[in-house]
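Q:
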Amino acid sequence: MIDIKRYIDRYEELTGQLSHPDIIANQPKFTSISKEHARLEPMVRVCLEYEKTAAEIEDLEVMLREETDKQLIDMAYQDLERLKADGERLKHELRILMLPKNPDDHRNTILEIRAGTGGEEAALFVADLVKMYKNYAARNGWNWEVMSASETGVGGFREFIALITGNSVYAVMKYEIGNHRVQRIPETETQGRIHTVSGDLEIDINPADLRIDTYRSQGAGGQHVNTTDSAVRITHIPTGIVAASQEERSQIKNRSKAMKYLQAKLYDAAVEKCPAPKQKCANPWSVRVIAGRITDHRIKLTVYNLEEIMRTGDISEFSAALRQADTDNKLKEQMAQPAAGFNHDLDVKGKKVFVRVDFNVPLDNALKITDNTRIREALPTIKSLKDRGGRSGPEPKFSLKPVVAELSKLLGAPVKFSESVIGENAEKNIRALTDGEEEANDPAFAKTLAGYFDLYVNDAFGTAHRAHASTEGVARHFRNAACGYLIQKEIRYLENAVLSPQRPFIAIMGGAKIKDKIKVINRLLEKADGILIGGGMAYTFLSVLGHSIGKSLNQPEERDTVLSIMDKAKKLNKLLLLPTDHIAADRFEYSTQTVVKNMPGVEIEDGFMGMDIGPLTIRAYSQVIKTAKTIIWNGPMGVFETEAYQKGTFAVAQAMADSGADSASAANMSGLADKMTHISTGGGASLEFLEGSELPGIAILADKQ
-14 MIDIKRYIDR
-4 YEELTGQLSH
6 PDIIANQPKF
16 TSISKEHARL
26 EPMVRVCLEY
36 EKTAAEIEDL
46 EVMLREETDK
56 QLIDMAYQDL
66 ERLKADGERL
76 KHELRILMLP
86 KNPDDHRNTI
96 LEIRAGTGGE
106 EAALFVADLV
116 KMYKNYAARN
126 GWNWEVMSAS
136 ETGVGGFREF
146 IALITGNSVY
156 AVMKYEIGNH
166 RVQRIPETET
176 QGRIHTVSGD
186 LEIDINPADL
196 RIDTYRSQGA
206 GGQHVNTTDS
216 AVRITHIPTG
226 IVAASQEERS
236 QIKNRSKAMK
246 YLQAKLYDAA
256 VEKCPAPKQK
266 CANPWSVRVI
276 AGRITDHRIK
286 LTVYNLEEIM
296 RTGDISEFSA
306 ALRQADTDNK
316 LKEQMAQPAA
326 GFNHDLDVKG
336 KKVFVRVDFN
346 VPLDNALKIT
356 DNTRIREALP
366 TIKSLKDRGG
376 RSGPEPKFSL
386 KPVVAELSKL
396 LGAPVKFSES
406 VIGENAEKNI
416 RALTDGEEEA
426 NDPAFAKTLA
436 GYFDLYVNDA
446 FGTAHRAHAS
456 TEGVARHFRN
466 AACGYLIQKE
476 IRYLENAVLS
486 PQRPFIAIMG
496 GAKIKDKIKV
506 INRLLEKADG
516 ILIGGGMAYT
526 FLSVLGHSIG
536 KSLNQPEERD
546 TVLSIMDKAK
556 KLNKLLLLPT
566 DHIAADRFEY
576 STQTVVKNMP
586 GVEIEDGFMG
596 MDIGPLTIRA
606 YSQVIKTAKT
616 IIWNGPMGVF
626 ETEAYQKGTF
636 AVAQAMADSG
646 ADSASAANMS
656 GLADKMTHIS
666 TGGGASLEFL
676 EGSELPGIAI
686 LADKQ
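Every letter in the sequence shown is one number past the one before it in our numbering, and letter 156, counting from 1, is 141.
Below is the structure:
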């Protein structure tokens, strides 16, 4: 999630500073602020446009809830679709603008090409590359200066070094690092044999130090040969790096060229020692030239105009594709980072840490835990804080006491259950407050909770969509607060699924109420390739289509919503599947008297209600699921808590496991949880995140470090 307000506030702060006399008088400070201001300007422009779009979307959604005129409603939905598409585009632009910039992109570049295996043919290939890059530099308005060239007798180069200067040379040329391979009929042979040769290409930049030797040049020829010590060799003694130049007749010019080359080599060597080098391209060049085509194997791009590229140096198609691939990779890395501060950034040694978890686990009639997923998922954060030195009357059915034994067993350490929240004094204060302090986000209650701790870590993804006192409210009172490992994991998987899914991308939506899932269904229709509908809400869809649904759950007030969803799916040419057969019962409560029937068609008999999808639907849904590369599943296909109605939900879980791609309980009960990429611990929070809504419990942590 993007904290837009933070960027706008910072931009306005910098704007004010730039007009302050003290800043203007301090040239280094003024320059630094000007650069940051210029960097933020395009981001703020997009932020403001995004805010305006979001406000228009909100106004339209309010109007749609109140409007009754069908023509106006249709127009509003069209505007809403357009605005949401604009919002997604702006959000994507903003993510790209927020990506960290390479600090060396503005620099000039030294290009070094050396012949690899292949003898004279390799040297000729180096000459071809030199011509191509020289022409490419000219196309971009860059200056090209030869620093060193070791020629062969047939017009090739064993080694060629050039200095390229101009606007943002390294930003483009950094993608050329690596190895080029060619397969062609050799110019040095009369037979038609194909040789494979290579040219190793390196790009260097940077500063250095020196021992300078001069020697007789072998370069210019004529009266200068062996008569003057014009050649220069510079050695960096600590590293043994050597740079030399003999191309110029003047010793001064050769010294200048050699110094530039040495500076570049030293900088490149320093970058190589960094644990996370920023200057090197992540993937080495691997290009094959054969039969009139050229291929970049990093991005699997092949073009068939080899002769034109080598002649004109126009490699812009590759450069653009490589920049886009680099941007996409950076976006994926960015999405893998937590949406807010992360708990491992906090200094917890000797500190009292308030860890907010969500242990709202399902219990059976004997108060035994039936699914401990939420407890298990919170363990990494608790263990991390514990290992890093962090100090460590109600109705039984609402008590967390049953969780204690399970948490202790999973954690491998004793866990004490406290009857009071945070001590005697706090208990008195809390008793004095009115009902609903937690859910109402009571400021006094939140302040009381915060008063006994030094740090705050929220790892309760299941409640992150609610602005409660122990999530959003309490975080306001901590200078240092962060999210836990579970929240990071949840956000990473959900963002990857929605923003960069592998396709086909299929969404499976179950559960009872349509109104709870309108927004997410509409958003997923825009993102996914298809949606499979199951659970109680499927019967409203079938009823709207004119089918008999017996006593099944029906929400006639959602008729217009259902029609708009189906219309949108049709306009976007998206797959929208509904059940074609059912498992039905004559009553909701399951007992020995319950009559359960397999309804082989789409119609449900009078006196019966749909409880699960039938075998034909299972087969159809499974076939779609098994072809998918990305699947988002929210909500069961039926009343899966009862054994007689589990088959549909479990079959979906099995199909997902086979494809490789309250659902957490279903996956665990089916024994297939370990085959899922990710099982969310927060159904409601996941839905709101997928809708594009801000999660208050996480958003509040964005500025807390």
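Think of the CB as a built atom: it goes at the ideal place given N, C-alpha and C, for glycine as much as any other residue.
1. Could you check what DSSP says for Asp44 in three-state terms: helix, strand or coil?
2. So who's on the other strand from Val581, going by DSSP bridges?
3. Since Asn93 is in the beta strand (DSSP E), which residue starts that stretch and which ends it?
4. Quick check on Met641: buried or exposed, where buried means 16 or more other Cβ atoms within 10 Å of its Cβ?
5. Are the Cβ atoms of Val734 and Ala243 separated by less than 7 angstroms?
6. In this structure, how does DSSP classify Glu588 when only helix, strand and coil are distinguished?
7. So Gln2 and Ile8 are supposed to be a Cβ contact under 8 angstroms. How far apart are they, rounded?
8. Determine the direct distance from the alpha carbon of Gly519 to that of Gly677, and round the result to whole angstroms.
9. Which residue spans inside the segment 273 to 310 form an unbroken beta strand (DSSP E) run of at least 3?
10. DSSP three-state label for Thr615, please.
11. For Leu440, which three-state DSSP category applies?
12. Under 6 angstroms Cβ to Cβ from Val340, same chain only, skipping five residues before and after it: list those, please.
13. Just the Cα atoms here: how many angstroms apart are Leu434 and Thr456?
14. Rounded to whole angstroms, how far is the Cβ of Thr38 from the Cβ of Asp71, which I believe are closer than 8 angstroms?
15. Within the segment 507 to 558, note down every full beta strand (DSSP E) run reaching 3 residues or more, in order along the chain.
16. Quick check on DSSP: helix, strand or coil for Leu348?
17. Going along the chain, which residues of its own chain have a beta-carbon closer than 6 angstroms to the beta-carbon of Ile146, five neighbours each way excluded?
18. Is Arg488 helix, strand or coil when you go by DSSP?
19. Figure out for me which residue from Gln473, His22, Phe463 has the closest Cα to the Cα of Ala449.
20. What would DSSP say about Gly450, mapped onto helix, strand or coil?
21. Whole angstroms is fine: what's the gap from Gly633's alpha carbon to Leu479's?
22. Quick one: what's Tyr200 bridged to in DSSP?
23. Can you tell me which of Ser153, Leu109, Asn87 puts its alpha carbon nearest to the alpha carbon of Gly138?
24. Could you compute how far the alpha carbon of His22 sits from the alpha carbon of Arg308?
25. At the level of alpha carbons, what is the spacing between Leu510 and Asp552?
26. My understanding is that Gly447 touches Ala670, with C-beta atoms under 8 angstroms, so please give their C-beta distance in whole angstroms.
27. At which residues does the alpha helix (DSSP H) containing Ala108 begin and terminate?
28. Three or more beta-carbon pairs under 8 angstroms between the segment 540 to 559 and the segment 579 to 593, yes or no?
29. List the DSSP bridge partners of Val632.
30. Using a Cβ-Cβ cutoff of less than 6 angstroms, which residues in the same chain neighbour Asn93 once the five nearest sequence positions on both sides are dropped?
31. Count the other C-beta atoms from every protein chain shown that fall within 10 angstroms of the C-beta of Gly126, then say buried if there are 16 or more, exposed otherwise.
32. When we look at the beta-carbon of Tyr160 and count the other beta-carbons within 10 Å, is it buried (16 or more) or exposed?
33. Three-state secondary structure (DSSP) at Gly141?
34. Checking the sheet assignment: what are the DSSP bridge partners for Val340?
35. Just grab the DSSP bridge partners of Ile146 for me.
36. Among Ile360, Asp372, Gly141, which residue has its Cα nearest to the Cα of Ala390?
A: Per the coordinate set shown:
1. By 1-based counting over the sequence shown, the position of residue 44 is 59. Reduced to three states, the DSSP call for Asp44 is helix.
2. Numbered from its first residue, the sequence shown carries residue 581 at position 596. According to DSSP, Val581 bridges with Ala570.
3. The count along the sequence shown starts at 1 and reaches residue 93 at position 108. Asn93 -> no beta strand (DSSP E), and no H or E assigned at all.
4. Position 656 of the sequence shown, counting from 1, holds the residue named residue 641. Met641 should be labelled buried.
5. No statement about residue 734 is possible, as the shown extent of the chain runs from -14 to 690 and does not include it.
6. Taking the sequence shown and counting its residues from 1, one reaches residue 588 at position 603. Of the three classes helix, strand and coil, the one that applies to Glu588 here is coil, per DSSP.
7. Within the sequence shown, the letter at position 17 stands for residue 2. Within the sequence shown, the letter at position 23 stands for residue 8. That pair is a contact at about 5 angstroms.
8. Translated into positions along the sequence shown, residue 677 becomes position 692. Translated into positions along the sequence shown, residue 519 becomes position 534. So the two alpha carbons sit approximately 23 angstroms from each other.
9. 278 to 281, 286 to 288
10. Indexing the sequence shown from 1 puts residue 615 at position 630. Three-state result, Thr615: strand.
11. Residue numbering aside, residue 440 sits at position 455 when the sequence shown is read from its first letter. Strand.
12. Locating residue 340 in the sequence shown gives position 355, counting from the first residue. Counting only Cβ-Cβ distances below 6 angstroms, and skipping sequence neighbours, we find Val442.
13. In the sequence shown, residue 434 corresponds to position 449, counting from 1. In the sequence shown, residue 456 corresponds to position 471, counting from 1. Taking the straight line joining both Cα atoms gives about 11 angstroms.
14. For the purposes of this step, residue 38 is taken as the residue at position 53 of the sequence shown. For the purposes of this step, residue 71 is taken as the residue at position 86 of the sequence shown. The Cβ separation is near 5 angstroms, so the contact holds.
15. 515 to 518
16. On the sequence shown, residue 348 is found 363 positions in, with the first residue counted as 1. Leu348 falls in the strand class under three-state DSSP.
17. Counting from 1 along the sequence shown, the entry for residue 146 is found at position 161. Only Glu97, Met132, Ser133 meet the Cβ criterion.
18. Your numbering for residue 488 matches position 503 in the sequence shown. Three-state result, Arg488: coil.
19. Here residue 449 is taken as the residue at index 464 of the sequence shown, counted from 1. For Ala449, the nearest C-alpha among the options comes from Gln473.
20. Within the sequence shown, residue 450 is the residue found at index 465, counting from 1. Per the sequence shown, the amino acid found at residue 450 is His instead of Gly. Residue state, collapsed to three classes: coil.
21. The residue given as residue 633 occupies position 648 in the sequence shown. The residue given as residue 479 occupies position 494 in the sequence shown. The straight-line gap from Cα to Cα measures roughly 24 angstroms.
22. Here residue 200 refers to the residue found at position 215 of the sequence shown. Paired residues: Ala216.
23. As a position in the sequence shown, residue 138 is number 153, starting the count at 1. Among Ser153, Leu109, Asn87, the Cα nearest to that of Gly138 belongs to Leu109.
24. Looking up residue 22 in the sequence shown gives position 37. Looking up residue 308 in the sequence shown gives position 323. Taking the straight line joining both Cα atoms gives about 25 angstroms.
25. Counting from one through the sequence shown, the residue named residue 510 turns up at place 525. Counting from one through the sequence shown, the residue named residue 552 turns up at place 567. Each residue's alpha carbon lies about 11 angstroms from the other.
26. Reading the sequence shown from its first residue, position 462 is the one you call residue 447. Reading the sequence shown from its first residue, position 685 is the one you call residue 670. That pair is a contact at about 6 angstroms.
27. The residue given as residue 108 occupies position 123 in the sequence shown. Note, Ala108: alpha helix (DSSP H), 104 to 124.
28. no
29. The residue given as residue 632 occupies position 647 in the sequence shown. The amino acid occupying residue 632 in the given sequence is Lys; Val does not appear at that position. The partner list for Lys632 (beta bridge, DSSP) is empty, contrary to what the question assumes.
30. By 1-based counting over the sequence shown, the position of residue 93 is 108. Hits under 6 angstroms: Thr150, Val154.
31. Counted from its first residue, the sequence shown places residue 126 at position 141. Result: exposed.
32. Within the sequence shown, numbered from 1, the residue matching residue 160 stands at position 175. Tyr160 comes out buried.
33. The count along the sequence shown starts at 1 and reaches residue 141 at position 156. The answer is coil: DSSP assigns Gly141 none of H, G, I, E or B.
34. By 1-based counting over the sequence shown, the position of residue 340 is 355. The partner list for Val340 (beta bridge, DSSP) reads Val442.
35. Position 161 of the sequence shown, counted from the first residue, corresponds to residue 146. Paired residue(s): Glu97, Ser133.
36. As a first step, residue 390 must be located in the sequence shown, where it is residue number 405. If we check each option's Cα against that of Ala390, Ile360 comes out closest.
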